Each structure stands twice: as structure tokens, then as C-alpha cells.
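Numbering (my numbering), first residue to last: 115 to 309.
Beta carbons: idealized from backbone N, C-alpha and C, even for Gly.
Keep in mind it's a predicted model, so treat the numbers as computed, not measured.
See below for the structure under consideration.
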């Protein structure tokens, strides 16, 4: 879940399941303000009934991962969720949903947008475009991403943000974050495109 700090407007991501219903507060990492979070109400216990009830369909919270796989940047596994999320260099002043810890000055703080959608058949599609504020190059499997285009990317695609390379792993291909990380860490680095 993501909330915005009312004091400094920082966007904060946290796991709502880790909060206590008696004290649903988090602290802003930027200004240390305590923020009360409205937790979803717990469903009332079902009464004994012998009628058939449709069970809710399981919806994973993580539907893919961006794994930093670069010779010069620390390995990181960052989750993707359904919907639009911006990927970029970690920043306090311009936070985004998927922040990569990197010193790469060629990676924008708001670099890419990945939108994950679920099809009628239940599969996930991953659509990539540059963020409108991005001023640095992006490459997909060593080919430049043209400004203004939206591209469907598949499992195993290597994205180069500035000079930093990341790999997309999908839930359909690997199932969980640990397998995603293991698969990528034990693969060869794609060559870095020089610009």
C-alpha cells in the first residue's frame, strides 16, 4: 500500500498486514511525522450455511519483479504490482513506486513507467514507456526505446536505464521473488550500451 505524507508529501510504501489494528500508524522516512493509516475492515465471520458460495479468486500482490543485474550496481529485487508504477533512481525529493538504489547519474529519478494489466484470461501483460520527465536514455534488450512509444515487454527482458541494467521476471515464469532473483543472478550480464 502507498500513502502520501501530509507534512512533506513523500510517497511511502508499506505492508498493511504488518500494521496492528490497535495502532495503525507509520512514520515518514523523510520528516518522521506519524501517519495514521485507514486499514480495510476485516470481513465479518461467515455464518454456518450449507449453500454453495463462490470463493474469492486469489490475487497475488506481487505480479512480477525488476531485478537489478549490473556489474556496477548492487543486486536488488523490486516488486511490481497491478497497475501503473514508475521506476527510477531512489530519491527523497522525487520518490517513485519502484526506487533503485544507484549512483548512476544517467538514470532519471522518474525514468520508466510499467503498467501491469490482467487480461480476461487471467494472464498478466507488462507495458513499458518512458516517464514524461525522463531526460536519459533507455534501452530494451540493447535497442533504444523511442520516446513516446509504449512497448509490451516479456519475461527476461533486460532494460537499461541510463547505464544500469535491470531484468523483468514475471510471476507466470518464476512464481516468486526468490526464484526470480536466483534465475537472474545466475545468468550472464547483457552488454552495456554505450551512449
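- Separation of residue 307 and residue 150 (C-alpha to C-alpha, rounded to the nearest whole angstrom) is 45 angstroms.
- In this chain, the alpha helix (DSSP H) harbouring residue 292 covers 291-299.
- Residue pairing from DSSP places residue 238 in a beta bridge opposite 232.
- Under DSSP, the beta-bridge partners assigned to residue 134 are 137.
- The DSSP-derived three-state label of residue 288 is helix.
- If you ignore the 5 residues before and after residue 280, its C-beta comes within less than 6 angstroms of the C-beta of 180, 182 and 273, all in its own chain and listed in chain order.
- Judged by DSSP in its simplified three-state form, residue 178 adopts strand.
- A direct Cα-Cα distance of roughly 17 angstroms separates residue 226 from residue 190.
- With distances taken between CA atoms, residue 212 lies nearest to 224 out of 224, 220 and 120.
- Where residue 126 is concerned, the enclosing beta strand (DSSP E) starts and stops at 125-127.
- Fewer than three Cβ pairs drawn from the region 280-293 and the region 247-263 lie within less than 8 angstroms of each other, which leaves the two stretches out of contact.
- Pairing residue 216 with residue 252 gives a Cβ-Cβ distance that is not under 8 angstroms.
- For residue 193, the enclosing beta strand (DSSP E) has its first and last residue at 190-194.
- Burial state of residue 268 is exposed, judged by a 10 Å Cβ sphere holding fewer than 16 other Cβ atoms.
- If the five residues before and after residue 241 are omitted, its C-beta is found closer than 6 angstroms to the C-beta atoms of 229, 264 and 266, all from its own chain and listed in chain order.
- When rounded, the separation of the alpha-carbon atoms in residue 175 and residue 195 is 6 angstroms.
- For residue 266, the enclosing beta strand (DSSP E) covers residues 265-267.
- Taking the Cα positions, residue 130 is about 10 angstroms away from residue 140.
- A straight line joining the alpha-carbon of residue 143 with that of residue 126 spans about 8 angstroms.
- Rounded to the nearest angstrom, the Cβ distance from residue 284 to residue 197 is 15 angstroms, too far for a contact under 8 angstroms.
- Pairing residue 254 with residue 271 gives a Cβ-Cβ distance under 8 angstroms.
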